[in-house]
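Below is one structure, written out as structure tokens; comments come after it.
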Amino acid sequence: MWPPALFVTSHSQVTMGAAPSNPVPVLPARYLFSFGDSYTATGFDISGAQPSLSNPLGNPPYPHTTTSGGDNWVDIVVYNSTRKDTVAYNYAVGANFVNMTAAQGQAYAPSGPVKELKDQMDQFRQLPKTILWNATNSVFFNFFGVNDIAVQVFSGRSYDNATKILAPDMSNYFTQIGQQYSLGARRFVVVLVPPIWRASVFDYGRATTAATVRNLTTIWNNAIQSSATSFPSRYPGAKMVIFDPTATFNQILDQPQQYGAPNNTCYSYPAGQPCLWADFIHPGLVVQKALGNAMNTFLKSNGM
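Okay, so the sequence shown: first residue is -12 according to our numbering, each after it adds one.
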């Protein structure tokens, strides 16, 4: 469970019946730190306005910069009515990899300085020491793999070659999460890769490359679950849980009309609705909101 909210007390003397000369600021009781790619990114800039209880995600102003056409799962989690005491530092950046070099994704790297999880960690290390997060009042989210997998197919690599390339990339994933542990993190949520082979870029699962993407996703997710299982034994005091978005995606994609979409083979750019996909590979509003609601339920069931 989360600790109660912390309060900064005023040392100014107050006479009976008089209001305090300065308001007493209330500090966040919970801190969320997220790392990932465009499925998670909200456009946060570490040099901009910082998260506060009145502005939980800091910058840019709500509704932020997402690929869904509006809210993504981070928005849904942070703005949930049960998390009014929570702020979130979202270091995720679109087109990022776990390890760009290991994944051999240089040709598809973003133009900015942040290209992989290590770069996001470098930004996290710049967090001011005055931010009072600790092992018990924070949760660290890591949601990678979409680009690491997709770039293998975009680059025309065979399944066998791709699996060899992804092996060190996946290993580095948990090396970086280990760095989060060394900096004080103890509670982790690792998100598996959803069924991206059902996206437009893979002809909604009908392209010849879709089977390769599906198989690589299985390899990736199995490896992540295996590493997550052994993580607490290697990092004492750590709690790591796996969130699998597959069921949420499939439930909606298998019944598109029940969710207001004409079918599951269209996308709505840039609105993110009524189709279930916002563009060639990014889920739209319905899927992202469902993902956020599922994540909220998952966090509560795990005491986070």
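We put the beta carbon where it would ideally sit given N, CA and C, even for glycine. In this text the structure is predicted, and so the values were computed from the model without any measurement.
Reference residue i, options the options, closest by Cα
i, options, result
"A137", "T69, Y95 and V65", "Y95"
"P257", "Y18, D58 and R144", "D58"
"M227", "M291, Y254 and L263", "M291"
"K71", "P181, M282 and R17", "R17"
"N86", "G132, V65, S214 and S41", "G132"
"G81", "V64, A75 and P100", "P100"
"I183", "Q91, A75, V274 and P15", "V274"
"G171", "F20, P15 and V13", "F20"
"N77", "T53, C262, T69 and D190", "T53"
"F285", "Q37, S55 and V64", "V64"
"V13", "Y66, A36, V74 and Y49", "V74"
"A79", "N134, A225, N121 and Q244", "N134"
"T29", "P219, T205, P50 and F111", "P50"
"G23", "P38, T69 and F84", "F84"
"A89", "Y246, S68, S158 and G279", "S158"
"T196", "I229, T205 and R144", "R144"
"L278", "N46, N67, S34 and P38", "N67"
"N289", "R174, K116 and Y246", "R174"
"P223", "Q245, S213, Y168 and Q242", "Y168"
"Y191", "K287, Q113, R221 and P270", "P270"
"T123", "P261, D241, N250 and A225", "A225"
"T162", "N208, Q139 and R221", "R221"
"S25", "G92, P97 and P48", "P97"
"V126", "I229, Q93, Y246 and Q91", "I229"
Coil, strand or helix - residue i by DSSP
i, result
"R70", "helix"
"V64", "helix"
"N42", "strand"
"G290", "coil"
"Y160", "helix"
"Y26", "coil"
"Y254", "strand"
"F267", "coil"
"V200", "helix"
"F285", "helix"
"Q238", "helix"
"N280", "helix"
"S8", "Any reading at S8 must be qualified, since the residue scores a pLDDT of 45, below 50, and its modelled position is unreliable; the value itself is stated next. Here S8 sits in coil by DSSP."
Cβ separation of residue i and residue j, assumed to be a contact under 8 Å, to the nearest whole Å
i, j, result
"V176", "F128", "5 Å"
"T199", "Y146", "5 Å"
"L179", "I211", "6 Å"
"A149", "L203", "6 Å"
"F111", "T27", "Between T27 and F111 the Cβ distance is about 14 Å, and since that is not below 8 Å, they are no contact."
"L263", "A248", "5 Å"
"P181", "T252", "About 17 Å separates the two Cβ atoms, so there is no contact after all."
"A60", "M282", "Checking the sequence shown, residue 60 turns out to be Trp, not Ala. Confirmed, about 6 Å."
"I239", "V188", "About 18 Å separates the two Cβ atoms, so there is no contact after all."
"S55", "A215", "In fact, because the Cβ distance is near 26 Å, the residues do not count as touching under 8 Å."
"M108", "Q37", "M108 to Q37, Cβ: 18 Å. No contact."
"L44", "P15", "Not confirmed; about 12 Å, so no contact."
"I206", "Q113", "Not confirmed; about 34 Å, so no contact."
"N42", "G35", "About 11 Å; that fails the 8 Å criterion."
DSSP bridge partner residues for residue i (one or two, in chain order)
i, result
"G224", "DSSP lists no partner for G224."
"A75", "L19"
"F31", "None, per the DSSP bridge assignment."
"V273", "According to DSSP, V273 bridges with nothing at all."
"S125", "Y18"
"W184", "Answer is none; W184 lacks a bridge partner."
"V178", "F230"
"L111", "Going by the sequence as given, residue 111 is Phe instead of Leu. For F111, which the question treats as bridged, DSSP gives no partner whatsoever."
"A84", "Sequence inspection shows Phe at residue 84; the Ala mentioned does not correspond to that position. In DSSP, F84 forms a bridge with E103."
Chain B within 8 Å of residue i, Cβ atoms only
i, result
"G290", "The structure shown contains no chain B; it holds only a single protein chain."
Length-filtered (4 minimum) alpha helix (DSSP H) runs lying within the stretch 131 to 155: Whole alpha helix (DSSP H) segments, 4+ residues: 133 to 141.
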